[in-house]
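Q:
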Amino acid sequence: MSQPSPQRLVSGITQVASLPEIYMKIEMAVGNPKSSSKYLADILSEDTALTARILRLANSSFFSFPGKVTTVSQAVTVIGTRQLRDIVLASSIVGVFKDIPEALIDMKSFWRHSIACGVTSRVISTLRRETNVETSFVSGLLHDIGRLVLYKAKPTEMGQLIGKCADSKELLYKSEKEFFGFDHALLGGLLLKEWKLPTRLIETTTYHHAPERAKEYIIETATVHVSDIISNALITGSSGEKLIPPLSDKAWKVLGLEDGSIELITDELDKQYAVAVEFVLSE
Amino acid sequence: MILSSDVKDRGGRALLKAGVELTEKHLKIFKTWGITHIEIEGDDTTTSLQTVINAHPELDAVAQQAAENQFRHTDPDHQFIKELKALWIQRHIKVLAAEI
Chain A
15 MSQPSPQRLV SGITQVASLP EIYMKIEMAV GNPKSSSKYL ADILSEDTAL TARILRLANS
75 SFFSFPGKVT TVSQAVTVIG TRQLRDIVLA SSIVGVFKDI PEALIDMKSF WRHSIACGVT
135 SRVISTLRRE TNVETSFVSG LLHDIGRLVL YKAKPTEMGQ LIGKCADSKE LLYKSEKEFF
195 GFDHALLGGL LLKEWKLPTR LIETTTYHHA PERAKEYIIE TATVHVSDII SNALITGSSG
255 EKLIPPLSDK AWKVLGLEDG SIELITDELD KQYAVAVEFV LSE
Chain B
17 MILSSDVKDR GGRALLKAGV ELTEKHLKIF KTWGITHIEI EGDDTTTSLQ TVINAHPELD
77 AVAQQAAENQ FRHTDPDHQF IKELKALWIQ RHIKVLAAEI
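Note that the protein sequences, when read in sequence, are chains A and B. Using my numbering, count along the first sequence one by one with no gaps and you end on 297. Using my numbering, count along the second sequence one by one with no gaps and you end on 116.
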């Protein structure tokens, strides 16, 4: 049986689902050096649910701001404009994939795995003292987005592949490649490209199972690769993969983390995970 | 809160010795230095795990075996994988104990 091209599957999604207008407006405002916190706050205020969540987030342990944040423009200042754009992107994407059949994949479980990967990426970037840790969060959060394209476009085939992997104990991403000729990582990268998201996010998503193939964002891709393995192992939640994927030693070494750092990472992951779940899933 | 082990920076240089009573000022300094984790007295999570294993000694072997399946596609000799697997086993024992 001939399989559709990955590009066609992605086009099928982008024709019916686009990123919300609020994200586009924020993206434009952040790119404009003249826009103020007040202007960003005005855009955000169009969405009251989002506004409430951003205020809760600004007051959470994620940002450890000493005082109480009461207005949206204060929240914009505490969180930071670029970080805010990344956070709005995260919550926007959850909304795009709402109607996937529960029998195929438990969407809460999917997002729990994705959020855990996002938080772990954020923690690793903090340990490495990188500057924009919020972009790391979004890279981790989106790494398996291609799987949602597959669940939406090819539900029957994906159901069969999941069943086959449960019996044979194979890895789902390898079975996808065998069956379709490409895997969810490649599809995810194509979708983010179609949505005109930054190259960094496209590369970390495309190569999260093959980090040694990353070209420009080698450390960022290695971060997501290692975070995926940690979150598959330690947090209840799954995007369909039931077993722990193999670790690329090269990617592990690129990060320069010391032996024993897993305890540091998991302590922080456990602390930040609940806040992130509350923000992304509004739980 | 009293520190139960030395706080070191990434280069291994000691910033604060074990036994010191922590103040707000110490916490601010840790933040500045990028210290995200400290150990304080009375914060011993391994004790509760040991209590679980003492009560249900069979769970240890069950979790070890489950870990072999879960990690079957990873390199068992890799130091990071060894550490991750050990943590997975600890968590899995607690999950199994909660189901009893």
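In this text, a Cβ means the ideal position worked out from N, Cα and C, and glycines have one as well. All of these numbers come straight from a predicted model, not from anything done at the bench.
When you compare only the Cα positions, how much space is there between residue 286/A and residue 148/A?
A: About 13 Å.
Q: Taking its Cβ as the centre, do 16 or more other Cβ atoms sit within 10 Å of residue 85/B, making it buried, or is it exposed?
A: Residue 85/B is exposed by the Cβ-count criterion.
Q: Give the residues of chain B in contact with residue 183/A, contact being defined as C-beta atoms less than 9 Å apart.
A: What residue 183/A touches in chain B: 85, 88, 89.
Q: From residue 213/A to residue 35/A, what does the alpha carbon distance come to, in whole angstroms?
A: Those two C-alpha atoms are separated by around 21 Å.
Q: For residue 71/B, count neighbouring C-beta atoms within 10 Å of its own C-beta (all shown protein chains included) and say buried if the count is 16 or more, exposed if not.
A: Exposed, because fewer than 16 other Cβ atoms sit within 10 Å of the Cβ of residue 71/B.
Q: Assuming residue 238/A and residue 220/A make a contact with CB atoms under 8 Å, what is their CB distance in whole Å?
A: Actually they do not touch by this definition, with Cβ atoms about 10 Å apart.
Q: Check each candidate in 135/A, 168/A, 144/A, 84/A and name the one with the smallest Cα separation from residue 27/A.
A: Of the candidates 135/A, 168/A, 144/A, 84/A, the one whose C-alpha sits nearest the C-alpha of residue 27/A is 168/A.
Q: Run down chain A in chain order and give the residues with a C-beta less than 7 Å from the C-beta of residue 12/B.
A: Summary: the structure shown does not reach residue 12/B, with chain B confined to residues 17 through 116, and so no result is reported for it.
Q: In angstroms with no decimal places, state the Cα-to-Cα distance between residue 165/A and residue 273/A.
A: Their backbone Cα atoms lie some 37 Å apart in a straight line.
Q: Roughly how many angstroms separate the alpha carbons of residue 112/B and residue 225/A, rounded to a whole number?
A: Each residue's alpha carbon lies about 34 Å from the other.
Q: To be precise: take each residue of the stretch 193-210 of chain A, compare its Cβ to all Cβ atoms of chain B, and keep it if any distance is under 7 Å. Which residues remain?
A: The residues in question: there are none.
Q: For residue 18/A, return the contacting residues in chain B, with the cut-off set at a CB-CB distance below 9 Å.
A: Correct list: empty, because the minimum Cβ distance to chain B is about 28 Å.
Q: Within its chain, find whatever has a CB closer than 8 Å to the CB of residue 108/B; leave out the 5 residues flanking it on each side and keep chain order.
A: Same-chain partners within the cutoff: 79, 82, 83.
Q: Determine which residues share a DSSP beta bridge with residue 186/A and list them.
A: Residue 186/A pairs with nothing; no bridge assigned.
Q: How about residue 236/A and residue 262/A: are their beta carbons less than 9 Å apart?
A: Yes, these two residues count as a Cβ contact at 9 Å.
Q: Cα-Cα, which of 275/A, 245/A, 187/A is closest to residue 132/A?
A: Considering only alpha carbons, the answer is 245/A.
Q: Here's the rule I'm using: 16 or more other beta-carbon atoms within 10 Å means buried, otherwise exposed. How should residue 106/A be labelled?
A: The residue is buried, with at least 16 neighbouring Cβ atoms inside 10 Å.
Q: Can you check whether the CB of residue 66/A is closer than 9 Å to the CB of residue 57/A?
A: No. Outside cutoff.
Q: Would you mind listing the alpha helix (DSSP H) stretches within the stretch 189-213 of chain A that are 4+ residues and don't spill past its ends, in chain order?
A: Taking only runs of at least 4 residues, the alpha helix (DSSP H) segments lying wholly in the stretch 189-213 of chain A are 198-208.
Q: For residue 19/B, which option in 25/B, 34/B, 97/B, 43/B has the closest C-alpha, if you only look at C-alpha atoms?
A: Ranking the options by Cα distance to residue 19/B, first place goes to 34/B.
Q: Considering only residues of the same chain and omitting the five flanking positions on each side of residue 56/B, which have a CB-CB separation below 8 Å?
A: Cβ neighbours of residue 56/B beyond the five flanking positions: 17, 18, 19, 20, 38.
Q: Could you tell me the distance, in whole angstroms, from the CA atom of residue 72/A to the CA atom of residue 73/B?
A: Distance between the alpha carbons of residue 72/A and residue 73/B is about 45 Å.
Q: Report back the beta-carbon spacing between residue 52/B and residue 282/A to the nearest angstrom; my notes put them in contact at under 8 Å.
A: Rounded, the Cβ-Cβ distance is 6 Å, consistent with contact.
Q: Whole-angstrom Cβ separation of residue 153/A and residue 234/A, contact assumed at under 8 Å?
A: Correct: roughly 6 Å between the Cβ atoms.
Q: Does the separation of the CB atoms of residue 122/A and residue 251/A fall below 9 Å?
A: Going by C-beta atoms, residue 122/A is nearer than 9 Å to residue 251/A.
Q: To which residues of the same chain is residue 188/A closer than 8 Å at the C-beta, ignoring the five residues directly before and after it?
A: So the list reads 197, once near-sequence residues are dropped.
Q: Return yes when the Cβ of residue 20/A is within less than 9 Å of the Cβ of residue 12/A, no when it is not.
A: Coverage of chain A is limited to positions 15 through 297, which leaves residue 12/A absent and any answer about it impossible.
Q: Expressed to the nearest angstrom, what Euclidean distance is found between the alpha-carbon atoms of residue 25/A and residue 176/A?
A: Their Cα atoms are separated by approximately 24 Å.
Q: Between residue 103/A and the rest of its own chain, which residues show a CB-CB distance below 7 Å, the 5 nearest in sequence each way excluded?
A: 37, 152, listed in sequence order.
Q: With a cut-off of 9 Å, does the C-beta of residue 112/B fall near any C-beta of chain A?
A: Chain A contact via Cβ: absent.
Q: Please state whether the Cβ-Cβ distance between residue 299/A and residue 199/A is less than 9 Å.
A: Shown here, chain A extends from 15 to 297; a query on residue 299/A therefore has no answer.
Q: Could you tell me whether any non-hydrogen atom of the ligand COA is closer than 8 Å to the CB of residue 91/A?
A: Only the bare structure without any ligand can be found here, which leaves the ligand COA out of the picture.
Q: I'd like to know whether the C-beta atoms of residue 232/A and residue 243/A end up nearer to each other than 9 Å.
A: Against a cut-off of 9 Å, the Cβ pair of residue 243/A and residue 232/A comes out as no contact.
Q: Short of 7 Å Cβ to Cβ, which residues in the stretch 121-155 of chain A face chain B?
A: Result list: 140, 141, 143.
Q: Just to check my reading of the structure: residue 156/A and residue 215/A have Cβ atoms closer than 8 Å, yes? What is that Cβ distance to the nearest angstrom?
A: Right, the Cβ-Cβ distance comes to about 6 Å (below 8 Å), so this counts as a contact.
Q: Could you give the distance in angstroms between the alpha-carbon of residue 50/B and the alpha-carbon of residue 101/B?
A: If you take the alpha carbons of residue 50/B and residue 101/B, they lie about 27 Å apart.
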